[in-house]
Amino acid sequence: MKPTPYIAVNTFDHQIDCFCPDADHSEVVTIHRGDIIEISPERKYTVINGWYALVIINQSCSFYMAVEDIEWYFTKEQLISMLDVDLQINYYQYKINQALDEGDEKAFMNFTDKMNHSYEMKGKLLMYLRNVAV
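With our numbering, the residue at position 3 of the sequence shown is 281, and numbering never jumps.
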């Protein structure tokens, strides 16, 4: 089973949890806008901290991330899937058409910028999926 790819919408820092008894050497990883994040089906469980999933960033950096952190990033729309991107594009196209009908130039420009951003994210996800398929 292949990991599911997601894309980072904005740049953010994530504190990597340390599984050592003293937990003194935790580190922070910066996930940049446009990074591809794969959430693999591989899981680990710790009695103290709960469930963790193996996360791979840009096919190079991997670490275990708490499942609740992953869920939080989805809720805050820091990570989105291809389906989410397609839904955004559909919504922005609707809003652009609505702005054109109403003659609202400010809304038109705003939603056009957002749609262009969504197309950029979609392009990065498609390029990743093509590279993985090879």
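Glycine is no exception: its CB is placed at the ideal position from the N, C-alpha and C atoms.
Could you check if residue i is buried or exposed, using at least 16 other CB atoms within 10 Å of its CB as the buried criterion?
i: Pro319; result: exposed
i: Ile314; result: buried
i: Tyr372; result: exposed
i: Tyr323; result: exposed
Assuming residue i and residue j are in contact, meaning their beta carbons sit under 8 Å apart, how far apart are those beta carbons, in whole angstroms?
i: Ile358; j: Tyr397; result: Not a contact, Cβ separation roughly 13 Å.
i: Ile309; j: Ile335; result: 6 Å
Assuming contact is defined by CB atoms lying nearer than 8 Å, are residue i and residue j in contact in what I supplied?
i: Met399; j: Val363; result: yes
i: Pro281; j: Tyr406; result: no
i: Tyr342; j: Tyr330; result: yes
i: Gly312; j: Lys402; result: yes
Taking one C-beta from the stretch 347-357 and one from the stretch 287-295 each time, how about it: are there three or more such pairs within less than 8 Å? yes
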